[in-house]
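Peer 1:
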Amino acid sequence: MIVVLSVFVAFAVAWLLAYHRLPALLWSAVYALLLGLCAFYQVWPDPLLSASWGLWLLVSLLAIPSPLRRYVLGAPLLKVFRRILPAVSQTEREALEAGTVWWDGELFSGRPDWKKLLAYPAPRLSAEEQAFIDGPLRELCEMLSDWEITHEATDMPPQVWQFIKDRGFLGMIIPKEYGGLGFSALAHSQVVMQLTTRSGTAAVSVMVPNSLGPAELLLHYGTKQQKDYYLPRLAKGLEMPCFALTSPEAGSDAGGIPDFGIVCRGEWQGKSDVLGIRLTWEKRYITLGPIATLLGLAFRLYDPEHLLGQQDDLGITLALVPTDTPGVHIGRRHRAMTATFMNGPNWGKDVFIPMDYVIGGAAQAGEGWKMLMNCLAAGRSISLPANGVGISKLSALTTGAYGRVRQQFKLSIGRFEGVEEAMARIAGNVYVMDAARVMTAGAIDLGEKPSVVSAIVKYHLTERGRQVINDAMDVHGGKGICMGPSNYLASAYMQTPIAITVEGANILTRTMIIFGQGAIRGHPWVLKEIEATREADPGKALRDFDRAFFGHIAFTLSNVARVLWLGFTGGRLVPVPGAPELRHYYQQLTRLSSAFALTADMAMFLCGGTLKRRERLSARLGDVLSQLYLASAVLKRYEDDGRPQEDLPLVRWGLLDCLNRIEEAFYSIFENLPWPFVSWVLRGLIFPVLMPYGREFAPPRDPLGHEVVGLMMAPGPARERLTRGVFVSADENDPVRTLEDALAAVITAEPVEAKLRRAQQDGRIARRYADQVAAEGLRHGIITQSEHDLLKRATELRRRVIMVDDFPKDFGKSELHQTTQPVTFEALARRKS
Ligand SMILES: Cc1cc2nc3c(=O)[nH]c(=O)nc-3n(C[C@H](O)[C@H](O)[C@H](O)COP(=O)(O)OP(=O)(O)OC[C@H]3O[C@@H](n4cnc5c(N)ncnc54)[C@H](O)[C@@H]3O)c2cc1C
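Using our numbering, the first residue of the sequence shown is number 1, and each one after it goes up by one.
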């Protein structure tokens with residue numbers, strides 16, 4: 001019995017040491033002590049004790065770092081790893097190494113330090129940035145009529161373009177010393193988000209010069225001369241930039257562009273024998289291309305005459321080419337859905353440019369891919385996520401109001417359970433998305449360039465945005481479908497696929513980038529192992545590999561111990577910081593982070609180099625990582641906002657949704673792993689308690705959805721926070737403003753309507769049109785004059801909200817369109833005059 005008990009103690013101690021990730025030396029010391037005690041008290045028979053000492057010695061020799069271990073185990077393993085690790089191309093390596101690891105690293109660790117997350121300062125705008133948002137940004141939004149831009153002028157009016165340039169919208173990321181606004185990532189995101197709620201065309205036109213393009217590249221890699229010349233011009237809109245990477249043959253595989261340059265000597269501005277490049281390219285889809293004055297160009301550079309060095313193929317190179325350079329062809333325009341931002345192809349054949357057109361000069365020739373990947377790591381975190389959130393916030397604001405204002409069966413449609421389900425998804429998603437947007441912008445303002453996180457927010461904020469706008473369209477019914485100046489959703493709906501496609505189309509981002517890059521960058525050991533296999537110095541390679549490989553083994557063992565314990569206890573004993581009301585969620589996320597770390601290791605171990613091709617497995621692992629990240633953002637948002645109790649339904653909805661999606665992803669992994677036994681063991685370890693009975697994390701329940709929708713359908717602090725940043729015009733004829741006014745009026749009039757409804761049910765008033773019912777109610781003294789007036793205003797506004805635009809039969813091809821909403825028409829006519 002005592003033997004059994006002591007074996008049990010030995011296992012318990014192993015589990016405890018593994019759970020806390022204690023060093024091998026300590027393990028060895030603790031077991032030496034235990035064996036010493038067994039010997040002293042003669043607990044175990046001699047043969048068992050001797051065998052145990054033998055085992056202890058063997059394990060200690062293997063576990064404690066030493067030259068012996070390195071030569072006996074490390075060296076042969078290093079050879080195997082060098083053979084089995086997949087070949088990584090130069091472009092893949094540069095992509096993998098780009099940017100920084102941030103909170104994604106904590107999630108990969110299986111033991112996220114929540115205190116660290118909560119200690120990051122809450123992202124805030126400076127007074128100057130806020131003044132810009134309240135001033136020039138509002139002014140710009142008031143100037144924009146999306147219908148006019150997209151359906152009549154097919155461009156922004158000249159005065160709008162000028163305003164954008166004069167007020168520095170194109171130079172938000174350019175530091176003040178160069179005449180730019182020098183804004184934080186948060187301010188940049190806020191501007192793009194708000195503009196999106198008004199006009200997708202304006203948002204994209206502003207977003208592109210502030211995203212991955214000439215300004216960003218010059219800031220990081222330009223020569224002093226290039227910066228001093230171009231940055232002030234870009235900041236004031238004296239140059240219109242574009243950045244051309246995509247070619248017809250190379251879209252997602254941007255590293256495979258066929259465009260090329262040959263280093264040569266040529267004639268330039270009257271001088272002969274100038275060192276330069278002869279360029280040939282064909283690009284398409286280039287935003288701002290048709291009006292660009294400065295073309296950022298990516299191409300592969302070759303140096304067959306070795307004018308720059310000894311290499312023939314220098315690699316991808318970036319240059320800034322003025323579009324008036326002889327031989328540059330700027331083509332016509334593409335039309336991206338209903339958006340009318342400038343976009344088109346360009347090309348050139350054997351165009352000579354001097355070497356100082358290369359960004360960073362000859363020294364940066366061939367460094368283009370690295371430059372792009374590093375800039376993408378930050379840029380991808382801002383613009384497109386802001387775009388997705390902008391569309392979604394507009395959907396939340398308008399659908400919340402429309403759900404209350406629009407009635408069917410004598411009830412606001414938002415009160416019907418079916419509609420409520422869609423509306424809850426809208427509000428819950430927006431809370432999660434905005435939390436992630438702000439947290440990520442905050443990380444960039446702290447100096448991070450979180451490459452994996454940028455892929456997570458790019459993918460999930462545009463994908464959730466697609467779900468949100470679909471739901472919003474469904475709730476709006478015909479009102480969402482019929483196009484015209486009073487339709488505030490259709491444009492956003494049609495433009496949603498643009499953000500999904502650009503800067504890494506979403507399928508590819510999910511299946512290749514999030515986990516593909518995350519597994520190497522975010523994992524505590526994998527990159528170290530890979531780097532060790534590439535190390536030229538044999539001694540250093542062996543030392544580094546030994547440390548990384550055995551670190552990895554210890555990490556995996558620790559995760560087994562953690563997952564098992566956290567699974568059996570439901571994570572309830574994990575000490576966590578933060579609001580007590582969210583304690584359960586911190587604990588579950590800790591538990592699932594450990595489960596993720598273990599599953600990721602198993603997948604990497606079993607698939608090895610083929611994991612790269614198993615895109616569906618990679619995608620599902622990426623889903624787990626992504627939802628862990630989004631849930632972390634929700635927890636942080638709640639703390640940063642000062643734990644507002646009114647937001648709790650939104651917070652809970654968001655967290656439950658993330659947990660449910662994590663569980664879904666895990667089950668898809670289990671169901672599709674090609675090794676049923678491993679799948680069974682993993683499932684048993686991760687979900688041990690409920691495994692035989694079903695799932696543990698249900699989607700948000702209906703009563704919670706009901707609470708969430710309640711917050712959307714009435715003005716209040718939670719709704720205000722949720723939809724902050726949606727532009728609502730001061731013009732009372734603007735359709736979104738009308739909707740907001742209608743919401744307030746309808747809520748005020750609801751008790752009056754209730755009185756009249758009761759009177760109708762009692763038979764005191766005959767059932768007729770609303771205005772007749774109100775008049776009869778007044779005559780019978782059922783309602784007062786002021787109540788009658790309230791009702792009249794609500795009825796008028798409701799009518800304006802539910803009406804849609806109509807047009808002449810030929811859609812007014814030859815004349816200004818007509819609309820049943822004279823107010824909107826007048827507003828348009830006023831602008832036109
Ligand atoms: C409106 C608009 C504006 C743009 N602006 C610019 C710009 O300013 N500058 C610029 O250089 N480019 C620009 N682009 C190009 C954009 O970034 C590319 O369109 C994008 O990278 C996708 O390329 P593609 O359209 O050729 O799709 P493809 O590469 O043909 O991809 C088609 C589908 O296959 C998927 N796919 C491809 N490879 C894989 C894989 N290995 N695994 C899984 N899925 C895969 C993709 O996810 C996508 O769903 C713009 C594009 C559009 C539409």
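Every residue gets a Cβ at the ideal spot worked out from N, C-alpha and C, and that includes glycine.
None of these values were measured; they are calculated from a predicted model.
Ignoring anything shorter than 4 residues, give me the alpha helix (DSSP H) runs that lie fully in the segment 96 to 183, in order along the chain.
Peer 2: 103 to 109, 114 to 119, 127 to 132, 138 to 143 and 158 to 166
Peer 1: Tell me where the alpha helix (DSSP H) around residue 387 begins and ends.
Peer 2: 383 to 405
Peer 1: Below 8 Å on the Cβ atoms is my guess for residue 453 versus residue 104; work out the distance and round it to an integer in Å.
Peer 2: With a Cβ gap of about 5 Å, residue 453 and residue 104 count as contacting.
Peer 1: Does the segment 140 to 150 come within contact of the segment 197 to 211, defined as at least 3 CB pairs closer than 8 Å?
Peer 2: Yes: the two stretches touch, three or more of their Cβ pairs being nearer than 8 Å.
Peer 1: In or out: residue 672 buried (at least 16 other Cβ within 10 Å) or exposed?
Peer 2: Burial call: exposed.
Peer 1: Let me see if you follow: with CB-CB separation under 8 Å, is residue 388 close to chain C or not?
Peer 2: The structure shown has no chain C; it contains just one protein chain.
Peer 1: Beta carbon of residue 128: closer than 7 Å to some heavy atom of ligand 1?
Peer 2: no
Peer 1: Closest to residue 167 by C-alpha separation, out of 226, 332 and 234, would be which residue?
Peer 2: 234
Peer 1: Per DSSP, residue 247 is paired with what?
Peer 2: 250
Peer 1: Is it the case that the segment 709 to 720 contacts the segment 643 to 655, given that we only count it when at least three CB pairs across the two stretches are under 8 Å?
Peer 2: yes
Peer 1: Straight-line CA distance for residue 533 to residue 108?
Peer 2: Rounded to the nearest angstrom, the two C-alpha atoms are 22 Å apart.
Peer 1: Return yes when at least one heavy atom of ligand 1 lies under 7 Å from the C-beta of residue 502, else no.
Peer 2: yes
Peer 1: Considering only C-alpha positions, which residue in the set 487, 479, 499 and 451 is nearest to residue 515?
Peer 2: 451
Peer 1: Residue 186 and residue 123 - do their beta-carbons sit closer together than 8 Å?
Peer 2: Taking 8 Å as the Cβ cut-off, residue 123 and residue 186 qualify as a contacting pair.
Peer 1: Compute the minimum distance between the beta carbon of residue 8 and the heavy atoms of ligand 1, and state whether it is under 7 Å.
Peer 2: no
Peer 1: Roughly how many angstroms lie between the CA atoms of residue 28 and residue 654, to the nearest whole one?
Peer 2: 45 Å
Peer 1: What do you reckon, are the CB atoms on residue 44 and residue 3 nearer than 8 Å?
Peer 2: yes
Peer 1: Can you list the beta strand (DSSP E) stretches of 3 or more residues lying completely in the segment 252 to 328, in chain order?
Peer 2: Listed in chain order, they are 260 to 268, 271 to 287, 294 to 302 and 313 to 322.
Peer 1: Should residue 476 be labelled buried (16 or more other beta-carbon atoms within 10 Å of its own) or exposed?
Peer 2: buried
Peer 1: Near residue 243, what residues of its chain come up, given a Cβ to Cβ distance below 7 Å and the 5 sequence neighbours on each side ignored?
Peer 2: Close CB contacts of residue 243 within its chain, under the 7 Å cut and outside five residues either way in sequence, are with 212, 213, 214 and 296 (chain order).
Peer 1: Check this for me: beta carbons of residue 177 and residue 375, under 8 Å apart or not?
Peer 2: no
Peer 1: Confirm the yes/no value for this check: CB of residue 343, any heavy atom of ligand 1, distance under 7 Å.
Peer 2: yes
Peer 1: Going by C-alpha to C-alpha distance, which of 321, 393, 316 and 331 sits closest to residue 367?
Peer 2: When the alpha-carbon of residue 367 is set against those of 321, 393, 316 and 331, the nearest one is in 316.
Peer 1: Compute the distance between the beta-carbons of residue 484 and residue 805, then report whether it is under 8 Å.
Peer 2: yes
Peer 1: Taking three-plus beta-carbon pairs below 8 Å as touching, is the segment 780 to 795 in contact with the segment 757 to 770?
Peer 2: Yes: the two stretches touch, three or more of their Cβ pairs being nearer than 8 Å.
Peer 1: Would you say the segment 38 to 58 touches the segment 327 to 340, given that touching needs at least three Cβ pairs under 8 Å?
Peer 2: no
Peer 1: Could you tell me if the beta carbon of residue 515 falls within a distance shorter than 7 Å of some heavy atom in ligand 1?
Peer 2: No - ligand 1 has no heavy atom lying nearer than 7 Å to the Cβ of residue 515.
Peer 1: Taking the alpha-carbon of residue 854 as reference, which of 567, 265, 439 and 423 has the nearest alpha-carbon?
Peer 2: Examination of residue 854 is not possible in this model, given that the chain is present from 1 through 833 alone.
Peer 1: Spatial neighbours of residue 510 within its chain, please: CB distance less than 7 Å, with the 5 preceding and 5 following residues excluded, ordered by chain position.
Peer 2: 459, 619 and 622
Peer 1: Tell me whether residue 349 sits in a helix, a strand or coil according to DSSP, three-state version.
Peer 2: Correct three-state label for residue 349: strand.
Peer 1: Does the contact criterion of 3 or more C-beta pairs under 8 Å hold for the segment 110 to 117 versus the segment 585 to 599?
Peer 2: At 8 Å Cβ cutoff, the stretches touch.
Peer 1: Confirm the yes/no value for this check: CB of residue 435, any heavy atom of ligand 1, distance under 7 Å.
Peer 2: Result no, Cβ not under 7 Å from ligand 1.
Peer 1: I'd like to check one pair, residue 437 with residue 386: are the Cβ atoms closer than 8 Å?
Peer 2: yes
Peer 1: In chain order, what residues of the same chain have a beta carbon less than 8 Å from the beta carbon of residue 49, not counting five sequence neighbours either side?
Peer 2: 35, 38 and 39
Peer 1: Following a CB-centred definition, is residue 506 positioned closer than 7 Å to any heavy atom of ligand 1?
Peer 2: yes
Peer 1: Taking just the CA atoms, how far does residue 746 sit from residue 731?
Peer 2: 19 Å
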